[in-house]
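Read the structure below first, then the notes.
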Amino acid sequence: RAKQSGRDGWSRFDGPLGDRQRERAALEQDLRVALAIGAITPWFQPIWAIGGRSLRGVEVLARWIDPRRGFVPPDVFIPLAEELGQIERLSELVLDRACAAAAAWPLPLPFSFNLSPRQFADPNLPRRILEILGRHGLPGSRLEIEITERAVLADIDVARRIVRDLAEAGVRVSLDDFGTGTSSLAILTQLPIDHIKIDRSFIAGVDRLPERGKIVTGVLALAESLGLSVTAEGIERDEELRFLQQRHCARGQGFLLGRPQPAEGIAQLLADEPGILQDAG
Ligand code: C2E
Ligand code: MG
Ligand code: MG
Ligand code: MG
Numbered sequence: 237r238a239k240q241s242g243r244d245g246w247s248r249f250d251g252p253l254g255d256r257q258r259e260r261a262a263l264e265q266d267l268r269v270a271l272a273i274g275a276i277t278p279w280f281q282p283i284w285a286i287g288g289r290s291l292r293g294v295e296v297l298a299r300w301i302d303p304r305r306g307f308v309p310p311d312v313f314i315p316l317a318e319e320l321g322q323i324e325r326l327s328e329l330v331l332d333r334a335c336a337a338a339a340a341w342p343l344p345l346p347f348s349f350n351l352s353p354r355q356f357a358d359p360n361l362p363r364r365i366l367e368i369l370g371r372h373g374l375p376g377s378r379l380e381i382e383i384t385e386r387a388v389l390a391d392i393d394v395a396r397r398i399v400r401d402l403a404e405a406g407v408r409v410s411l412d413d414f415g416t417g418t419s420s421l422a423i424l425t426q427l428p429i430d431h432i433k434i435d436r437s438f439i440a441g442v443d444r445l446p447e448r449g450k451i452v453t454g455v456l457a458l459a460e461s462l463g464l465s466v467t468a469e470g471i472e473r474d475e476e477l478r479f480l481q482q483r484h485c486a487r488g489q490g491f492l493l494g495r496p497q498p499a500e501g502i503a504q505l506l507a508d509e510p511g512i513l514q515d516a517g
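Heads up: the sequence shown begins at 237 in UniProt numbering, then just goes up one per residue.
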């Protein structure tokens, strides 16, 4: 097709690009509707203590299941919501629903919530978050927020103030996707981070790929020396779990340990095992 369209650098894209623009406009429209009717909901993925049946928390993951499109991945609709200036709205919708679910659970399980970088440029963010928690009678200590390094690129002073205000209310902050291009060491010197989450690209095959093994071992040592706790993301295999256990990684998350699921699944787990938040050693 490219060859047929000859030297004209534009014409060869005409068809597909036209289709793509139409498809994107349709997706935008569907997303606006989904936000308006509240069709984006929180699911929850368990975070476990590694080496014991002790539940440490859950990560809130936004889910959009469209009647026509089916499951639309967050990696598609989150960036789109950002571009459309709708991320605050999406975020408040999902956080509000997550708080409602968490307030109804039989045990005070902490939950982690992802924030987009541009929300970190809004000095009112802590007030808005705490207002939503308060509406559901939840203390700040139930919430942990997850940010990436991109969060501080906009304005480091605003980011610092946000983290400080949240910390005062007992909200902890973790650095997500640690080790990837968007999350480096610099942020650890710029913000008072409590926790890091090692990106799943390092965990996949960590037991048999020496480079990954060394990087993860190094990150665990770094975190320990900085007094930070660590979650390993994306654990899919027993061997990966064993590797992390041997190196005293505190917390783990991944399909091996539990899939993202609706709030009812978490409620059931907590109801079935009332001792599940206790330290399993
Ligand atoms: P993230 O914050 O790093 O979330 C972890 C992602 O890894 C989730 O993808 C989760 O389903 C996936 N995951 C967990 N365990 C495994 C595993 O063992 N194997 C594999 N292959 N994947 C695993 P998900 O739900 O598709 O979300 C993708 C990203 O979208 C998230 O990455 C986060 O950056 C963003 N996101 C999701 N929900 C929200 C939200 O409410 N607000 C914002 N701002 N971003 C969100
Ligand atoms: Mg996350
Ligand atoms: Mg992550
Ligand atoms: Mg991610």
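For each residue, glycine too, the CB sits at the ideal point set by N, CA and C.
These figures come from a predicted structure and were not determined experimentally.
Where residue i falls, given that 16 or more other Cβ within 10 Å makes a residue buried
i	result
ASP435	buried
GLY517	Only weak support is given to the placement of GLY517: the predicted model assigns it a pLDDT of 49, under 50, and the value that follows is read from those uncertain coordinates. Burial call: exposed.
GLU259	exposed
HIS431	buried
ARG289	exposed
GLY254	exposed
GLU500	exposed
LEU427	buried
ILE383	buried
GLU319	exposed
ARG400	exposed
PRO498	exposed
ASP266	buried
VAL269	exposed
SER437	exposed
ARG304	exposed
LEU331	buried
VAL296	buried
LEU445	exposed
Sequence-distant residues of its chain with Cβ nearer than 6 Å to residue i (five each side left out)
i	result
LYS239	Residue confidence for LYS239 is low, a pLDDT of 41 falling below 50, so the modelled location carries little weight and cannot support an answer.
GLY376	ALA405, GLY406 and VAL407
LEU402	PRO362
ILE512	LEU291
GLU475	ASP443
LEU366	ALA405
LEU458	none
VAL409	ILE381, VAL399, ILE429 and ASP430
ARG378	PRO346
ARG256	none
Beta-carbon proximity list for residue i, same chain, < 7 Å, skipping 5 on both sides
i	result
PRO309	none
HIS372	CYS335, ALA336 and ALA339
LEU424	LEU462
PHE307	ILE301
GLY274	LEU329
CYS485	ILE286, LEU456, VAL466 and ALA468
Close beta carbons around residue i, own chain, < 8 Å, minus the five adjacent residues each side
i	result
GLY449	VAL442, ASP443 and PHE479
ILE502	PHE280, PRO282, VAL294, ALA337, TRP341 and LEU345
VAL455	PHE414, GLY415, ILE432, ILE434, PHE438 and VAL466
ILE314	ALA298, ILE323, LEU326 and SER352
PRO359	VAL394, ARG397 and ILE398
ARG483	VAL452, THR453 and LEU456
TRP284	SER290, LEU291, ARG292, ARG487, GLY488, GLN489, LEU493 and GLY494
GLU264	LEU316 and LEU320
LEU505	PRO282, LEU291 and ILE512
LEU374	CYS335, ALA338 and ALA339
ILE368	GLU328, LEU331, ASP332 and CYS335
ALA440	ARG448, GLY470, GLU472 and GLU476
CB contact flag (residue i, residue j, <7 Å)
i	j	result
LEU411	ILE429	yes
THR467	ARG487	yes
PRO342	ALA507	yes
GLN489	GLU469	yes
ILE381	PHE349	yes
ALA390	ALA357	yes
LEU271	GLN355	no
ALA298	PRO353	no
THR277	ARG333	yes
residue 534	PHE491	This structure leaves residue 534 out entirely; the chain is present only between 237 and 517.
SER420	GLU447	no
ILE286	GLN514	no
Proximity test, Cβ basis, 7 Å: residue i and chain E
i	result
THR416	No chain E is part of this structure, which consists of one protein chain only.
### Query
Curious, which full-length beta strand (DSSP E) runs of at least 3 residues does the region 339-423 contain?
As far as the region 339-423 is concerned, its whole beta strand (DSSP E) runs of at least 3 residues are 347-350, 379-383 and 408-414.
### Query
In the region 443-511, which residue ranges form an unbroken alpha helix (DSSP H) of at least 4 residues, counting only runs that do not cross its ends?
If only uninterrupted alpha helix (DSSP H) runs of at least 4 residues are considered, those enclosed by the region 443-511 are 446-462, 474-482 and 499-508.
### Message
Threshold first: 3 residues or longer. Then list the beta strand (DSSP E) segments lying entirely within the region 247-315, N to C.
### Response
Segments of the beta strand (DSSP E) lying fully in the region 247-315: 276-285, 291-302 and 306-308.
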